[in-house]
Amino acid sequence: MKPIQMVDLQSQYIRYKSDMDAAVIGSMTEAKFIQGPEVRSFESNLAEFLGVKHVISCANGTDALQLAFMALGLKAGDEVIIPSFAYAALPEVLLLLGIKPVYVEVNSITFLMDYTALESLITPNTKAIAPVHLFGCAAPMKQILQIARKHNLFVVEDGAQSLGAQYCSDEIEGFASCLADIGTTSFFPSKNLGCYGDGGAVFTNNDEWATTLRMLANHGQIKKYHHQIIGLNSRLDTLQAAILNVKLPHLKEFNLKRLNRAQRYNEAFENLSQLITPVLTDDSSHVFHQYTLKLNGVVREDFKQYLESKGIPTMVYYPIPLHKQNAYANGQSLPISEGLAEKVISLPICPELDNEQQDYIIEHVNTFFKA
Ligand SMILES: Cc1ncc(COP(=O)(O)O)c(C=O)c1O
77 MKPIQMVDLQ SQYIRYKSDM DAAVIGSMTE AKFIQGPEVR SFESNLAEFL
127 GVKHVISCAN GTDALQLAFM ALGLKAGDEV IIPSFAYAAL PEVLLLLGIK
177 PVYVEVNSIT FLMDYTALES LITPNTKAIA PVHLFGCAAP MKQILQIARK
227 HNLFVVEDGA QSLGAQYCSD EIEGFASCLA DIGTTSFFPS KNLGCYGDGG
277 AVFTNNDEWA TTLRMLANHG QIKKYHHQII GLNSRLDTLQ AAILNVKLPH
327 LKEFNLKRLN RAQRYNEAFE NLSQLITPVL TDDSSHVFHQ YTLKLNGVVR
377 EDFKQYLESK GIPTMVYYPI PLHKQNAYAN GQSLPISEGL AEKVISLPIC
427 PELDNEQQDY IIEHVNTFFK A
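My numbering numbers the first residue of the sequence shown as 77 and each following residue consecutively.
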């Protein structure tokens, strides 16, 4: 059996080695390392895949969020409502821009933004709501957009973990991150569509924001050395775009394999009362960026250490909710997010996890609970 990893990028590379090597060597030979033709072709390939008008690539998923708030013209003193049980990128960029993050609870079953808690957090300074499509499942966008429209707020979707997830309600449908004003994603290597370094992208159907986003990501210039606005140096490099162009046609298959692995885990753990398995929601497909369990009456560290002793890595996404992080704390109290942070644990999931490896993981999870 191959050693088990949370994400097996080596096996994936070996599977696509000839295409990958050709793409990388091709772009090195071409030597247009910044904004080379692969960058534009990747943007248009991804736009076509997602059915969104504009894809603006950038240096990483964190920058993508910063660019989104900058393009929308948010300013110091504005407030943006974000989930507390999520990754750190959102509060980080908001605080860097002088914008106040206001944290909202998540649903304890889906881990997604609890839209029922949104309205009580809206103040005259609130300018946007930023849901996170966490672990691979789209947030309840229909309800979030209804509230945003009622209060005249922007919606920025953080889709770093959900590229390829599809949302469908009676009011809106489409790919996660392409449902609201501006959406973002990350191509960090372990993401569902990962490059071989850092990368990210911003999505919008709005022409004006697209032009601004493109300028912002390239030093605020529309033409070389003509700086219209203050921007960033945040560009996806040509080599990463070449790699992403090889992987994009396989994204659907990668995501289906992840779903299959998750369903296999869910079936295997069905009768273990100590594990609460992830649910599939009615309005979104799930691309299982992470397979995250909630532990019920189990000491997480014991479970983690036992699995590690058997060569099975696990991760805790996330051990501290954002409103409790030293860097972003604001005194709010959010018991559901705080409770989840104590109970969650993620098992290895990736398209390359084979039956033998997964059966081994399942066997040892069962053994732990029998003991
Ligand atoms: C939900 C979420 N948002 C944003 C990011 C930031 O992406 P990057 O690491 O590419 O900056 C991540 C990365 O882990 C993420 O998981």
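Here a beta-carbon is modelled for each residue, glycine too, at the ideal position from N, C-alpha and C. As the structure is a computational prediction, the values presented were derived from the model and not from experiment.
Check, Outcome
"Which stretch, first to last residue, makes up the alpha helix (DSSP H) that contains LEU166?", "165–172"
"Under the assumption that ILE157 contacts LEU197 (Cβ atoms under 8 angstroms), give the Cβ distance between them as a whole number of angstroms.", "5 angstroms"
"Using a 10 Å radius around the Cβ and a threshold of 16 neighbouring Cβ atoms, would you call ASP246 buried or exposed?", "exposed"
"Since I believe GLY276 is in contact with HIS295 (beta carbons under 8 angstroms), could you give me their beta-carbon distance rounded to a whole number of angstroms?", "Not confirmed; about 17 angstroms, so no contact."
"List the endpoints of the continuous beta strand (DSSP E) containing ILE132.", "130–134"
"What is the DSSP secondary structure of VAL182, counted as helix, strand or coil?", "strand"
"Give the secondary structure of TYR436 by DSSP, where H, G and I count as helix, E and B as strand, and everything else as coil.", "helix"
"Would you kindly work out how many angstroms separate the C-alpha atoms of TRP285 and GLY259, rounded to a whole number?", "12 angstroms"
"ILE425 and TYR367 - do their beta-carbons sit closer together than 8 angstroms?", "yes"
"Across which residues does DSSP place GLU233 in a beta bridge pair?", "GLY259"
"Quick check: the region 232–240 against the region 101–114, are there 3 or more CB pairs under 8 angstroms?", "no"
"Can you tell me whether PHE274 is buried or exposed, with buried defined as 16 or more other CB within 10 angstroms of its CB?", "The sequence shown places Asp at residue 274, not Phe. ASP274 comes out buried."
"Ignore the nearest five residues each way along the sequence and tell me which others in LYS419's own chain have a CB closer than 6 angstroms to its CB.", "LYS370 and LEU371"
"Could you pull out every unbroken beta strand (DSSP E) segment of at least 3 residues lying fully inside the region 355–443, listed in chain order?", "367–371 and 420–423"
"Regarding THR390 and ligand 1, is the C-beta to nearest heavy atom distance less than 7 angstroms?", "no"
"With H, G and I counted as helix, E and B as strand and the rest as coil, what does DSSP make of GLU346?", "coil"
"Is any heavy atom of ligand 1 found at a distance shorter than 7 angstroms from the C-beta of VAL355?", "no"
"Give me, in chain order, the residues of the same chain whose beta-carbon lies closer than 7 angstroms to that of GLU428; leave out the 5 immediate sequence neighbours on both sides.", "ASP84, SER87 and GLN88"
"Rounded to whole angstroms, what is the Cα-Cα separation between ILE80 and LYS203?", "44 angstroms"
"In its own chain, which residues sit with a C-beta less than 8 angstroms from the C-beta of LEU335, not counting the 5 before and 5 after it?", "SER361, HIS362, VAL363 and PHE364"
"Measure the Cβ-Cβ separation of LEU324 and PHE263 and say whether it is below 8 angstroms.", "no"
"Let me know the secondary structure DSSP gives PRO216 once reduced to three states.", "coil"
"Give the DSSP-derived three-state secondary structure of ASP283 in the structure shown.", "helix"
"Compute the distance between the beta-carbons of LEU221 and ALA256, then report whether it is under 8 angstroms.", "yes"
"Could you have a look at GLU155 and say whether DSSP puts it in helix, strand or coil?", "strand"
"In the DSSP assignment, the beta strand (DSSP E) including TYR243 goes from what residue to what residue?", "242–244"
"Check whether the Cβ atoms of ARG455 and GLN111 sit closer than 8 angstroms, and answer yes or no.", "Examination of residue 455 is not possible in this model, given that the chain is present from 77 through 447 alone."
"Who are the near neighbours of PHE330 in its chain, counting only those whose CB is closer than 7 angstroms to its CB and skipping five residues on each side?", "ASN268 and PRO427"
"Just verifying my parser: in three-state terms, what is the DSSP assignment at PHE109?", "coil"
"Would you call the CB atoms of PHE279 and LEU141 closer than 8 angstroms?", "no"
"Report buried or exposed for LEU171, applying the criterion of at least 16 other Cβ atoms within 10 angstroms of its Cβ.", "exposed"
"Would DSSP call HIS326 helix, strand or coil?", "helix"
"Just reading off the alpha helix (DSSP H) that PHE145 is part of, what are its end residues?", "137–147"
"Would the beta-carbon of VAL208 be found less than 7 angstroms away from any heavy atom of ligand 1?", "yes"
"Excluding five sequence neighbours on each side, which residues of the same chain lie with their C-beta closer than 8 angstroms to the C-beta of PHE345?", "LEU351, THR353, LEU369, ILE438 and VAL441"
"Inspect the beta-carbon positions of PHE161 and PHE187 and report whether they are closer than 8 angstroms.", "yes"
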